[in-house]
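Using UniProt numbering, the first residue of the sequence shown is number 1, and each one after it goes up by one. Below is one structure, written out as structure tokens, with a few remarks after it.
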Amino acid sequence: MSAVVSRFAPSPTGRLHLGHGYSAVRAHDLARGADGSFLLRIEDIDGTRSRDEHVATILDDLRWLGLDWDGPVVRQSRRLGAYEAALEQLRRLGLLYPCFCTRADIAQSASAPHGPGGALYPGTCRGIDAGGRMAEPHAWRIDMAAAVRITGPLTWHDARAGTVAADPLAHGDVVLARKDAPASYHLAVSVDDAWAGVTDVVRGEDLFASTHVHRLLQALLDLPTPAYHHHPLLTDAGGQRLAKRTGAPSLADLRARGEDGRALADRLRGTGISTENA
Ligand code: GLU
Numbered sequence: 001m002s003a004v005v006s007r008f009a010p011s012p013t014g015r016l017h018l019g020h021g022y023s024a025v026r027a028h029d030l031a032r033g034a035d036g037s038f039l040l041r042i043e044d045i046d047g048t049r050s051r052d053e054h055v056a057t058i059l060d061d062l063r064w065l066g067l068d069w070d071g072p073v074v075r076q077s078r079r080l081g082a083y084e085a086a087l088e089q090l091r092r093l094g095l096l097y098p099c100f101c102t103r104a105d106i107a108q109s110a111s112a113p114h115g116p117g118g119a120l121y122p123g124t125c126r127g128i129d130a131g132g133r134m135a136e137p138h139a140w141r142i143d144m145a146a147a148v149r150i151t152g153p154l155t156w157h158d159a160r161a162g163t164v165a166a167d168p169l170a171h172g173d174v175v176l177a178r179k180d181a182p183a184s185y186h187l188a189v190s191v192d193d194a195w196a197g198v199t200d201v202v203r204g205e206d207l208f209a210s211t212h213v214h215r216l217l218q219a220l221l222d223l224p225t226p227a228y229h230h231h232p233l234l235t236d237a238g239g240q241r242l243a244k245r246t247g248a249p250s251l252a253d254l255r256a257r258g259e260d261g262r263a264l265a266d267r268l269r270g271t272g273i274s275t276e277n278a
């Protein structure tokens, strides 16, 4: 059996809170408990929202929790060539088209049905002749129906949900390269997990639905499919999902208050929330 490789992949767009800490502890422990590797990847392709100061704080937070990672910290902003190569592969399959729509254009489309990530793209730019417009800002979208015709039915495995039938069509023609960033979350995460040899993805169940798209990209790009462990999200006493906007303290706040990070990590281990099927 190959060794377990897990990862924690935060976006440095703000401070980590307890929910992130919980995810990191779970991913770390899954690898360490199996004598495997735990990797750290900073998802900073969003140049407008990512901040270096948050990267430094994330590393301090993890050390404070007593979590150590293997190898160098990977930054997605240094891996743009890999995403461009993956886009090129998909372009050669005839699956990508440039999209010139603004958010407002999409929101105004009265007929836009909804998917897991909000309004589905109504397909306005699919099939248009973009010849004279390529100097204008544009994203690249995948023609999902055509992609599904190539892959056929796909499944993936989640530790709690079991075997899941992938439903990428529910997401519509998602963006794979943004106007302001040469990749989207879906593309970068799929390419990077495979490149790093990640065998087990531990993350919050808010990303469960995204896995349908990741599974499709793995099939199209000929990448291996990791096992998934989507865990419930931590909530406060009122049942609200922890987030900055609901007043959850950041790990950095707790650290500054002199809390013991290792003891906190142990409390997170004891929450009774498991990533595995009980
Ligand atoms: N960067 C994502 C986030 O911070 C997590 C990505 C993942 O674990 O797949 O929400």
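C-beta: ideal position from N, C-alpha, C; glycine also.
- Counting only unbroken stretches of 3 or more residues, the beta strand (DSSP E) elements lying wholly within the stretch 100-179 are 139-142, 155-158, 162-165 and 175-177, in sequence order.
- Within the chosen limit of 7 Å, the ligand GLU reaches the beta carbon of Ser11 through at least one heavy atom.
- Contact between Phe208 and His229 fails: their C-beta atoms lie close to 11 Å from each other, not under 8 Å.
- The alpha-carbon of Gly162 is positioned some 44 Å away from that of Glu136.
- The straight-line gap separating the alpha-carbon atoms of Met134 and Asp167 is approximately 31 Å.
- CA-to-CA, the gap between Trp195 and Arg79 works out to about 11 Å.
- If you draw a straight line from the Cα of Ala27 to the Cα of Gly172, it is about 30 Å long.
- Spanning the alpha carbons of Pro153 and Ala170 requires a straight line of approximately 13 Å.
- By the neighbour-count definition (other C-beta atoms within 10 Å, threshold 16), His54 is a buried residue.
- Taken atom to atom, the span from the alpha-carbon of Arg149 to that of Leu216 is near 11 Å.
- Annotation for Glu88 indicates a beta carbon at 7 Å or more from all heavy atoms of the ligand GLU.
- Val73 sits in coil when the DSSP states are folded into three classes, being neither helix nor strand.
- Contact check for Val74 and Gly197: beta-carbon distance about 12 Å, past the 8 Å limit, so the pair fails to qualify.
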